[in-house]
Each structure stands twice: as C-alpha cells, then as structure tokens.
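K.L.:
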Amino acid sequence: MLLAADVLGRHLVDVARARIVQAHDLVLAHVDDGWRLTGVDRSPRAMFRRLVPRRGRPDLRKHAILDWKDVQPFVGHVPTAKLLMPLQRLRRLHPAQIADLVEGATHAEGEEILDAVESDAELTADVFEELDTEHQVEFLKSLSNDEAAKVLERMAPDDAADLLGELPQERRKPVFDLMSATAQHKLRKLLQYHPSTAGGMMSPDYVWVIRGATVEEALEAVRIDDKAPHQLLNTVFVTEADGKLIGSVSTADLVRARPDRKVEELELVDCRVNAGADVTDVTLTMADYNLIAVAVTDMSGNLLGAVSADDVIESLVPEEWRARVEASTGV
366 MLLAADVLGR HLVDVARARI VQAHDLVLAH VDDGWRLTGV DRSPRAMFRR LVPRRGRPDL
426 RKHAILDWKD VQPFVGHVPT AKLLMPLQRL RRLHPAQIAD LVEGATHAEG EEILDAVESD
486 AELTADVFEE LDTEHQVEFL KSLSNDEAAK VLERMAPDDA ADLLGELPQE RRKPVFDLMS
546 ATAQHKLRKL LQYHPSTAGG MMSPDYVWVI RGATVEEALE AVRIDDKAPH QLLNTVFVTE
606 ADGKLIGSVS TADLVRARPD RKVEELELVD CRVNAGADVT DVTLTMADYN LIAVAVTDMS
666 GNLLGAVSAD DVIESLVPEE WRARVEASTG V
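Now the structure itself:
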C-alpha cells in the first residue's frame, strides 16, 4: 500500500528518455524474499486494466513498461523521505536534458531536481545555463545571495551576465558584490553591451598567442587553458603584442603544421566583428567565412573576446521550438 501511494499516479523521471512520465500501474516480480518492483506502466490504459477483472484483462502494456532501473521517482511528496532525490541516475543525462526536465516539471518537482544536482556545483551551473530565462530567475529566487553568486561564478561569463541582468534591480548589486574579483571583472566587460550584440554574446575567455609564437607554443596554449569554453578550443587567435588582432587559426591546422613554424606564417583567417554588431551581422559573418568562432574587437581592432557557433544558434532558436522540446518532456 505504501508503494502504491508513493509511486502510483505520481510523476517520475524516465532517465533513459529524459522525460517526465506518470506511473499508472506497477510491475512486480516474485523473488526469494518476497516481491520486488521491477517496472512501471506509463500508459493511461493501465488504469483501465486495473478496473477489469484479472482474467479479462487485455495485455496492453508491453510497449509502455519502463524498467525501474531507468526510473527516478520524486520523493518530495513523501513525508517520511528525509533524503534528497539521488543524483546518480540524473548524472546519466546531459545538463540540457536536465534543464528540459526542470522546465517541463511543476515548480516543486523542478526544485527537487535542482536540489538533487546541488551537490555538484559544476553540474548545477551547467543546468542553470541551459534553463530558459524565466526558469533561471524563478529558481534563483529560492537561493540566498551568496548561493546565487556561487552559481553565477561557475556559469559561462556571457550566460552569467545575461542572468544577472534579469535579476530584480535590488538584488543585482548584492549578488554581484559577493562574486570573486575575477568574475566581476569579466562581467563588467560584458554588461556594458546589449545581450543581443557581439559584445554581449562573446566569451571573454579564449585561447590566444602573440605574433612570433611557434605552432608548438600555440598548441600548448590550447592544452593548458582551463578557462575558455570547449567550443572555443578549436580556434587560436593571434595578436600583436599590444593586443590588436592579426587573425585566427584552427587547432586542426596547427596540428598539421610543423611545430617550429611561426603562427603568423600559417594561413590566418582575418575575420572579426565589432563589439556592437548585432546577432544578424555576427551570424552572416560566421556563415560567409564558415567559422565556428569569430573574434570580437573594439573600434581600434583590439581583441575583446570571441563568439562561438553555439552562442549564435542559441540566440536564433525560436521560442516555439523551445516550447516543443518542453512539451516533449511532459507526461
């Protein structure tokens, strides 16, 4: 009876398919020490089966049975449950999939999912990056200023700047002041630009070398970099000693070149966008040059940051597409 009350009719996370389902019937297996729950039936027709006498029940459920090993139940509704939802099964999902689950769940269920990932600070930040703005702000409300600052610090700077700008005015400065000096410096650079411009979309973390560096030194810069998002590790930017951009070279071209060659001797791509360029200009420039990353410069040609293809795609995805994804995670 307790099992039925805790699971039957409740929402569950189908980890194998990254969606939220509802348990309409339970599948039990006889073992040496009694009965064990081995699966759940998510089909609404399972309710009909329970109303029909056992002998007359049609076998309608094979296609809808979920293995219990692939199911993570919510526990927030269980008064005696003192533990959080286990993180182990959720780790099998990509942060974007976890974010989709949060967006498709009720507020209480979404909060339970975020509480489960809270023990992994990096994963929490990754999930927050993938949430839509409405849900980011919604769940950041439940965090203290100190907790919110820690989440923002671990997010990509461009995403953190966007989220900070969405917070209520009275909360922005207290949260910002609790962030590290390094994080504050990066956000100040980004917050001076509109989010839909190259300056607002760019990452201030990227791999760069100065004219005169060898191919071997450029590859070493890629290897040791621990700040740039992985989407920008495919491109190395080359500058003058004073920071003015010369061009960029792909990591693949560096791998194929002689280690002792100077980077400026390679075929550099001299393509850039101004920090004030809008998303249309950024997109067309990257498409014309077949770039996966483009340099962002100021009016004097100084390198400020870089925009990756995933940033552009993110800004171009229509809201109705996001609604379709959210709906696909629902019951």
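Just add 365 to wherever you are in the sequence shown, counting from 1, and you've got my numbering.
Every residue, glycine too, gets a C-beta built ideally from N, C-alpha and C.
(1) Cα-Cα, which of Arg588, Lys609 and Ala548 is closest to Asn341?
(2) What's the call for Asp676, buried or exposed, on a 16-neighbour Cβ count within 10 Å?
(3) Since Ile463 and Leu455 are thought to touch, with beta carbons under 8 angstroms apart, how far apart are those beta carbons, to the nearest angstrom?
(4) Using a Cβ-Cβ cutoff of less than 6 angstroms, which residues in the same chain neighbour Leu344 once the five nearest sequence positions on both sides are dropped?
(5) Per DSSP, what kind of secondary structure is Ile430 in: helix, strand or coil?
(6) Taking the alpha carbon of Ser665 as the reference point, which residue from Ile478, Leu610 and Gly530 has its own alpha carbon closest?
(7) Are the CB atoms of Gly475 and Phe504 nearer to each other than 8 angstroms?
(8) Do the CB positions of Leu496 and Leu529 come within less than 8 angstroms of each other?
(9) Roughly how many angstroms separate the alpha carbons of Thr728 and Glu483, rounded to a whole number?
(10) Out of Met450, Glu494, Arg401 and Ala383, which has the shortest C-alpha to C-alpha gap to Leu458?
(11) Can you tell me the Cβ-Cβ gap for Pro460 and Asp491, rounded? I've got them flagged as a contact below 8 angstroms.
(12) Classify Ala734: buried if its beta carbon has 16 or more other beta carbons within 10 angstroms, exposed otherwise.
(13) Per DSSP, Ile575 forms a beta bridge with which residues?
(14) Could you compute how far the alpha carbon of Val647 sits from the alpha carbon of Phe602?
(15) Please report how far the alpha carbon of Leu633 lies from the alpha carbon of Ser561, in whole angstroms.
(16) Please tell me whether Pro533 and Lys554 are closer than 8 angstroms, where the distance is taken between their beta carbons.
(17) Return no unless some Cβ of chain D is closer than 8 angstroms to the Cβ of Val482.
(18) Using CA atoms only, rank isn't needed, just tell me which of Gly577, Val572, Ala514 and Ala583 is closest to Lys592.
(19) For Leu431, which of Asp379, Asp618, Ala617 and Pro409 has the nearest alpha-carbon?
(20) Using the C-alpha atoms, what's the distance from Val396 back to Leu402?
(21) Are the Cβ atoms of Met520 and Glu494 separated by less than 8 angstroms?
(22) Below 8 angstroms, can you find three or more Cβ-Cβ pairs linking the region 575 to 584 to the region 536 to 550?
(23) Name the two residues that bound the continuous beta strand (DSSP E) containing Arg401.
(24) Taking 8 angstroms as the cut-off, decide whether the C-beta atoms of Leu619 and Cys636 are in contact.
(25) Does the distance from the CB of Glu581 to the CB of Asp625 come in under 8 angstroms?
(26) Identify every run of the alpha helix (DSSP H) within the region 522 to 561, keeping only runs that are complete inside it and at least 4 residues long; order them along the chain.
(27) Can you tell me whether DSSP reads Gly666 as helix, strand or coil?
(28) Pull up the distance between the alpha-carbon of Leu631 and that of Ser545, whole angstroms please.
P.N.:
The short version:
(1) Absent from the structure is residue 341, since the part of the chain shown begins at 366 and ends at 696.
(2) Residue numbering aside, residue 676 sits at position 311 when the sequence shown is read from its first letter. That one is buried.
(3) Walking along the sequence shown from the start, residue 463 turns up at place 98. Walking along the sequence shown from the start, residue 455 turns up at place 90. 6 angstroms between Cβ atoms; contact.
(4) Given that the chain is displayed from residue 366 to residue 696, the structure contains no residue 344 and the question cannot be resolved.
(5) On the sequence shown, residue 430 is found 65 positions in, with the first residue counted as 1. Annotated three-state conformation of Ile430 is strand, per DSSP.
(6) Walking along the sequence shown from the start, residue 665 turns up at place 300. For Ser665, the nearest C-alpha among the options comes from Leu610.
(7) If you number the sequence shown from 1, residue 475 lands on position 110. If you number the sequence shown from 1, residue 504 lands on position 139. In contact: Gly475 and Phe504 (Cβ atoms closer than 8 angstroms).
(8) Along the sequence shown, read from residue 1 onward, the residue named residue 496 stands at position 131. Along the sequence shown, read from residue 1 onward, the residue named residue 529 stands at position 164. Cβ distance not < 8 angstroms, so Leu496 and Leu529 don't count as in contact.
(9) Outside the displayed range of the chain (366 to 696) lies residue 728, so it cannot be described from this structure.
(10) Mapped onto the sequence shown, residue 458 falls at position 93. For Leu458, the nearest C-alpha among the options comes from Ala383.
(11) The residue you call residue 460 lines up with position 95 of the sequence shown. The residue you call residue 491 lines up with position 126 of the sequence shown. Right, the Cβ-Cβ distance comes to about 4 angstroms (below 8 angstroms), so this counts as a contact.
(12) Any property of residue 734 remains undetermined from this structure, which presents the chain solely from 366 to 696.
(13) Counting from 1 along the sequence shown, the entry for residue 575 is found at position 210. Paired residues: Thr604.
(14) Against the sequence shown, residue 647 aligns to sequence position 282. Against the sequence shown, residue 602 aligns to sequence position 237. One C-alpha to the other measures close to 17 angstroms.
(15) Position 268 of the sequence shown holds residue 633. Position 196 of the sequence shown holds residue 561. C-alpha separation (whole angstroms): 28 angstroms.
(16) Position 168 of the sequence shown holds residue 533. Position 189 of the sequence shown holds residue 554. No, Cβ-Cβ distance for Pro533 and Lys554 is not below 8 angstroms.
(17) This model lacks chain D altogether, as it is built from one protein chain only.
(18) On the sequence shown, position 227 is the one that residue 592 refers to. If we check each option's Cα against that of Lys592, Val572 comes out closest.
(19) Counting from one through the sequence shown, the residue named residue 431 turns up at place 66. That would be Asp379, whose Cα lies nearest to the Cα of Leu431.
(20) Mapped onto the sequence shown, residue 402 falls at position 37. Mapped onto the sequence shown, residue 396 falls at position 31. Going from the Cα of Leu402 to the Cα of Val396 covers about 10 angstroms.
(21) The sequence position of residue 520 within the sequence shown is 155, counting from 1. The sequence position of residue 494 within the sequence shown is 129, counting from 1. Yes. Within cutoff.
(22) no
(23) For the purposes of this step, residue 401 is taken as the residue at position 36 of the sequence shown. Unbroken beta strand (DSSP E) run through Arg401: Gly399 to Asp406.
(24) Taking the first residue of the sequence shown as position 1, residue 619 is located at position 254. Taking the first residue of the sequence shown as position 1, residue 636 is located at position 271. No, the Cβ-Cβ distance between Leu619 and Cys636 is not below 8 angstroms.
(25) To locate residue 581, count along the sequence shown from 1; it is residue 216. To locate residue 625, count along the sequence shown from 1; it is residue 260. Result yes, Cβ atoms of Glu581 and Asp625 sit closer than 8 angstroms.
(26) 522 to 531, 534 to 542 and 546 to 556
(27) Here the question's residue 666 lines up with position 301 in the sequence shown. Reduced to three states, the DSSP call for Gly666 is coil.
(28) For the purposes of this step, residue 631 is identified with residue 266 of the sequence shown, where counting begins at 1. For the purposes of this step, residue 545 is identified with residue 180 of the sequence shown, where counting begins at 1. Rounded to whole angstroms, the gap between the alpha carbons of Leu631 and Ser545 is 38 angstroms.
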